[in-house]
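Residue numbers (the working numbering): 111 to 311.
Here's the structure we're looking at; comments come further down.
Right, dumping it as structure tokens:
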């Protein structure tokens with residue numbers, strides 16, 4: 111392929127009028143399964159590119175560790191990056207990993223299982239990729255908290271830090287080799303060195 115070949119840039123934001131209902135947005139996502147679509151509270155559709163190999167590997171490691179913690183008690187439910195979430199403010203976001211408590215899972219009906227999660231999970235993780243804007247992701251983290259998430263982590267593999275957001279608490283940055291879960295994920299330990307290996311050869 112010629113290095114000078116230029117491809118048209120796909121829009122990263124699409125405004126649809128009238129605003130799509132939750133059902134219509136799910137149908138749009140299903141019809142475009144090769145893209146990760148999110149929706150702002152104003153109804154703007156956000157188009158996210160598929161992950162690169164490093165991000166995919168790092169995310170797999172995060173989900174593996176979260177699932178291993180879940181298997182130690184088997185309460186609640188873990189979700190990976192394919193989950194869509196409808197939030198109270200009308201937005202729809204997709205975390206890279208999430209955990210819903212047992213009490214939250216009990217509110218689900220069987221009919222919910224083929225659809226986006228209808229509530230904010232108690233815990234979410236966002237893993238920054240090369241194409242992600244740090245400022246935009248920081249706003250997304252705050253949106254998670256504003257919509258009912260108790261604890262949210264923004265993992266930055268390029269600075270090797272984790273920014274911890276907690277409802278009612280101050281944001282803090284962890285820069286050690288591991289980060290310890292609090293609140294709904296008390297006892298969960300994310301071993302960061304295993305995540306960082308996905309970014310090395």
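Where a beta carbon is used, it is the ideal one built from N, C-alpha and C, also for glycine.
Contact between residue 308 and residue 164 holds: CB atoms are separated by about 5 Å, below the 8 Å threshold.
Restricting attention to 202, 184 and 198, the CA atom closest to the CA of residue 213 is found in 184. By the 16-neighbour rule on beta-carbons within 10 angstroms, residue 239 is buried. About 20 Å separates the CB atoms of residue 271 and residue 259; that is not less than 8 Å, and the two are not in contact. A distance of 8 Å or more separates the beta carbons of residue 226 and residue 191. Linking residue 141 to residue 269 through their CA atoms gives a straight-line distance of about 36 Å. Judged by DSSP secondary structure, residue 235 falls within the beta strand (DSSP E) whose first and last residues are 233-237.
Around the CB of residue 198, fewer than 16 other CB atoms lie within 10 Å, so the residue is classed as exposed.
Shown here, residue 309 sits in a helix according to DSSP, grouped into three states. Sequence-distant partners of residue 289 (beyond 5 residues in either direction) whose C-beta falls short of 8 Å from its own C-beta, in its chain, are 263, 272, 274, 299, 300 and 302. Taking all protein chains in view, the Cβ of residue 230 is crowded by 16 or more other Cβ atoms within 10 Å, so the residue is classified as buried.
Between the alpha carbons of residue 174 and residue 168 lies a distance of about 10 Å.
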